[in-house]
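Asker: In the numbering used here, the protein residues as written are 48 to 181.
Dropping the structure here:
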């Protein structure tokens, strides 16, 4: 399941193309910038030589090490790593779109601070009104 995702990020790295990863998490969004010359996608998420289920867990924890959404998760059955499903809301998807677009614009215009993984991580949870970043 991760083959396509890994292939895209390897191609971006080979072609020196920045990649903005945004994920809807609960009622919030997480973003990580994978930039040329910095830590790779595989290295940031520690994906080498592990099963797809382990990759899914590492991807989740890489995007959400603080697990801000965990405190208000009502139905734990909505988390199914084997099926690559997690609880997110439409508002989280909207936040992702805005954050990813803003990071991409800053990269394209070369304006504003843009931090690369492992330091380019941000998670904002609108429900808890909490921001975590490295």
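C-beta atoms are modelled at their ideal positions from N, C-alpha and C, and glycine is treated no differently.
DSSP has residue 153 in a bridge; who is on the other side?
Answerer: Its beta-bridge partners do not exist; DSSP assigns none.
Asker: If you follow the beta strand (DSSP E) that residue 168 is in, where does it begin and where does it stop?
Answerer: 168 to 172
Asker: Mind checking residue 152: buried by the 16 CB within 10 Å criterion, or exposed?
Answerer: exposed
Asker: Starting from residue 110, follow the alpha helix (DSSP H) in both directions and report where the run begins and ends.
Answerer: It spans 99 to 110 - the alpha helix (DSSP H) in which residue 110 sits, taken as one unbroken run.
Asker: Measure from the alpha carbon of residue 76 to the alpha carbon of each residue in 89, 102, 138, 100, then state which is nearest.
Answerer: 138
Asker: Measure the alpha-carbon distance for residue 115 versus residue 91 and round it to whole angstroms.
Answerer: 20 Å
Asker: Within this structure, are the beta carbons of residue 161 and residue 170 separated by less than 9 Å?
Answerer: no
Asker: Roughly how many angstroms separate the alpha carbons of residue 155 and residue 124, rounded to a whole number?
Answerer: 40 Å
Asker: How is residue 161 classed by DSSP in three states: helix, strand or coil?
Answerer: The three-state secondary structure of residue 161, taken from DSSP, is coil.
Asker: Who are the Cβ neighbours of residue 102 in its own chain at under 6 Å, not counting the five residues just before and after it?
Answerer: Excluding residues within five positions, the ones whose Cβ falls inside 6 Å are 49, 94.
Asker: Given this structure, state the Cα-to-Cα distance separating residue 52 from residue 135, to the nearest angstrom.
Answerer: Using only the alpha carbons, I get a separation of about 20 Å.
Asker: If you run the structure through DSSP and keep just helix, strand and coil, what is residue 94?
Answerer: In the three-state scheme derived from DSSP, where H, G and I count as helix and E and B as strand, residue 94 is classed as coil.
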